[in-house]
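Residue numbers (full-length UniProt numbering), protein chains in the order written: chain L, 1 to 308; chain F, 1 to 263.
Here the structure is laid out as structure tokens; the discussion comes afterwards.
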Amino acid sequence: MPNTAEVVKPVASLMGVTKKIGSKTLISDLTLDIPPGQIFGFLGPNGAGKTTTIRMMVGLISISRGDILICGRSIKDHFEEAIANVGAIVENPEMYKFLTGYQNLRQYARMVPGVTKERINEVVELVGLSQRINDKVKTYSLGMRQRLGVAQALLHRPKLLILDEPTNGLDPQGIRELRDYLRLLCQKEGTTVFVSSHLLAEMELMCDSVAIIQNGRLIEVKQLKAVGNVLVPVGETLFEVDQPEAALELMGRGVVKDGGIAVEAVREEIAELNAKLVAGGIKVYSIKPLFRSLEDQFLEITGGEGIG
Amino acid sequence: MGEFAALIHNENIKIYRRLRTWIMLFILAVMSALFPALIHFTSGGNEVTIGLWDSFQTTVAIAFFLNTIFTALVAADSVAGEFTWGTIKLLLIRPWSRSKILLSKYISMVLFSLFSTLLLIVFGYGSALIFSSSAVDSIGGPTMAWSQGEYVFLTIMCAYIELFLTAAIAFMISSVFRSSGLAIVLSLSIMFTKDIFIAIFSPERYEWANYLIFAHMNLSGYLLSDTGPGGATLGFAIAVLAVYYVIFMLVSWVVFRKRDVAA
Chain L
1 MPNTAEVVKP VASLMGVTKK IGSKTLISDL TLDIPPGQIF GFLGPNGAGK
51 TTTIRMMVGL ISISRGDILI CGRSIKDHFE EAIANVGAIV ENPEMYKFLT
101 GYQNLRQYAR MVPGVTKERI NEVVELVGLS QRINDKVKTY SLGMRQRLGV
151 AQALLHRPKL LILDEPTNGL DPQGIRELRD YLRLLCQKEG TTVFVSSHLL
201 AEMELMCDSV AIIQNGRLIE VKQLKAVGNV LVPVGETLFE VDQPEAALEL
251 MGRGVVKDGG IAVEAVREEI AELNAKLVAG GIKVYSIKPL FRSLEDQFLE
301 ITGGEGIG
Chain F
1 MGEFAALIHN ENIKIYRRLR TWIMLFILAV MSALFPALIH FTSGGNEVTI
51 GLWDSFQTTV AIAFFLNTIF TALVAADSVA GEFTWGTIKL LLIRPWSRSK
101 ILLSKYISMV LFSLFSTLLL IVFGYGSALI FSSSAVDSIG GPTMAWSQGE
151 YVFLTIMCAY IELFLTAAIA FMISSVFRSS GLAIVLSLSI MFTKDIFIAI
201 FSPERYEWAN YLIFAHMNLS GYLLSDTGPG GATLGFAIAV LAVYYVIFML
251 VSWVVFRKRD VAA
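Spelled out as structure tokens, the structure:
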């Protein structure tokens, strides 16, 4: 039984990670802890250094300065032990095209101890490839390859699943399924999922927390979901009314917006304001909370800059 | 962490599950079987005039060219192919060090070369048995300490050493430049131009040419004479080849271990 008093150890820690190629610094002093049992988003515009960071996390490229620990083992010094805890897709999941999907999975299954045929079938079932698993990969669509990619990453039940742009090439149905089984993995098997993307709306639906990077620097780490899976509201509420100006005068605060009044208010105040408006003879069509979407926040944080 | 044999098994699958490999092996088998027949029919029809070993030796000499080219192709693709396909990213994130992965690739390539050589011998010898008669003695030829059969198998060994080194060069270039095209072209051009090179920079005239790999790749001369090009001994030749081989392997391993995989 885990000791509740114990501090939760991160599944992966990036400690002052820097990547330089020649004189160009791609990643600069990135420090980040990925807590266990979460879906952790890694967000940034194109060219921000997401894939470079992921490549360092899985040991494909060297780390110029700093270190990355996975389950407490350094990817630099104890590669084999550290990487054994990781399942990953880096960029597009490229497979051996002359082999079938199943033969591809067998390739990876042989490289780790304890992956049985039953486990392979289980994973194939999970990603929904049972119908086509015995076809050659060259006949697969991008979405099917993406699913096969997820399957190879899950085979050995990794503690940390790293997915680089996993929704690329998936149709809305596929994205939905991916989200559902990532959630399932997270809850049932306690797998920590580290997922990079530039698709904000996707991340918002999928992740518990996000780290935002830009130009190789960590900008912010945000908790998206409070307990109970509710988006944290910023507290602005929109009253949709027939006479915005009159309503504004009556309420004495807020701003005219989208054919209504936007006003900062807590729960009780909303009912009071509504009563006041109705009593004043103003028709209220709807009252809805205004969230700032992650997209708005993201653009605000990164300043909507281009690739820099 | 798992069984190393499984890694070699994986690499073998990548070689033998490709149609290309079977086309190469098929061509090699057909060529090996065809030459004794050609020699038979072009040298006087029904009257058997060519001995078994002569027929076999000629076949080996020709078919080994193909064998070397095909093995170089397999060696060239072994590392570079993974980069071209993009599969290297999924291969290197397993709990295996890069050294072991490269070793499994190298071993599977060597196994292929042994298999193709065996195929060549079986088909060539089988066909030579059918299309010749061992009753006929060798026509002339140098006098040797060996029987003809022994001599032929020793030349096969020499040819295999040449193939082995050519494949090592292809494997190294494949690992360093990650381009199978370059690996094939460079390794095969060494195979085809080494004689011309040695003719120009003869070890007899230039002392330093003695230390070139070109001068020593073909060891079959030592079967008939004690000294090779430039008065080198067999021991010296083997030492030079060994040094080159170690260098090829070191370069392959060091580069494969250190380089970033950003493909």
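C-beta: ideal position from N, C-alpha, C; glycine also.
By the Cβ criterion, the segment 49-60 of chain L is in contact with the segment 81-89 of chain L, since at least three pairs of Cβ atoms, one from each stretch, lie closer than 8 Å. Residues of chain L whose Cβ lies closer than 9 Å to the Cβ of S97(F) are, in chain order, F79, E80. Contact annotation: G44(L) and T192(L) have beta-carbon atoms that are not nearer than 8 Å. Beyond the five residues adjoining it in sequence on each side, G22(L) comes within less than 8 Å, by CB distance, of no other residue in the same chain. Rounded to whole angstroms, the Cβ separation of L234(F) and Y222(F) is 5 Å, and the two are in contact under 8 Å.
When secondary structure is reduced to three states using DSSP, D226(F) falls in the coil class, being assigned neither helix nor strand. Excluding sequence positions up to five before and after M95(L), its CB lies within less than 7 Å of the CB of N104, V137, R145, L148, all in the same chain and listed in chain order. For I287(L), the uninterrupted beta strand (DSSP E) run begins and ends at 284-290, by DSSP. Assignment of I107(F) by DSSP, reduced to helix, strand and coil, places it in the helix class. Between A237(F) and A48(L), the alpha-carbon positions lie close to 55 Å from each other. Nearest in C-alpha terms to A211(L), of all of E249(L), L250(L), T53(L), is T53(L).
Close partners of I93(F) in chain L (Cβ separation under 8 Å): V58, G59, L60, I83, V86, A88, V90.
A Cβ-Cβ separation of about 4 Å places H40(F) in contact with F131(F) under the 8 Å criterion. Taking C-beta separations shorter than 7 Å and ignoring five residues to either side along the sequence, the partners of L182(F) in its chain run I173, following chain order.
Between R267(L) and chain F, the shortest Cβ-Cβ separation is not below 8 Å.
CA-to-CA, the gap between E204(F) and N210(F) works out to about 8 Å. According to the DSSP assignment, G16(L) belongs to the beta strand (DSSP E) that extends over 12-21. The alpha carbon of A265(L) has as its nearest neighbour, out of E177(L), L277(L), L238(L), the alpha carbon of L238(L). Secondary structure of K89(F) (DSSP, three-state): helix.
At a cut-off of 8 Å, the C-beta of M95(L) has a neighbouring C-beta in chain F. Contact annotation: in the segment 143-165 of chain L, residues whose CB is within less than 7 Å of a CB in chain F are Q152. Fewer than three pairs of CB atoms, one per stretch, sit closer than 8 Å, so the segment 90-108 of chain F makes no contact with the segment 56-68 of chain F. Taking a cut-off of 8 Å for Cβ pairs, the segment 70-80 of chain L and the segment 114-130 of chain L do not touch, as fewer than three such pairs fall below it. In this structure, S62(L) sits near D260(F), with a CB-CB distance shorter than 8 Å. Straight through space, the alpha carbons of T71(F) and T51(L) are spaced by roughly 36 Å.
Along the segment 228-247 of chain F, there is no position whose C-beta sits under 7 Å from a C-beta of chain L.
With the rule of 3 Cβ pairs closer than 8 Å, the segment 151-160 of chain F does not count as touching the segment 86-99 of chain F. Any Cβ of chain L closer than 8 Å to the Cβ of L90(F) would place that residue at the interface, and such an atom is present. Around the beta carbon of R132(L), 16 or more other beta carbons sit within 10 angstroms, so the residue counts as buried. Under a criterion of Cβ atoms nearer than 8 Å, no residue of chain F is adjacent to L26(L); the nearest Cβ is some 10 Å distant. Assignment of beta-bridge partners to V193(L) by DSSP yields I39(L), L161(L). Residue-level contact check: N10(F) touches chain L, since one or more beta carbons of chain L fall below 8 Å from its beta carbon.
Beyond the five residues adjoining it in sequence on each side, I8(F) comes within less than 7 Å, by CB distance, of S104, I107, S108 in the same chain, given in chain order. Each residue's CA atom was taken as its position, placing N92(L) and A242(F) some 42 Å apart.
Only residues of its own chain outside the window of five on either side were considered, and among them G41, L43, E165, T167, M203 have a CB closer than 7 Å to the CB of S197(L), listed in chain order. Just so you know, the alpha carbons of A201(L) and L170(L) end up roughly 15 Å apart.
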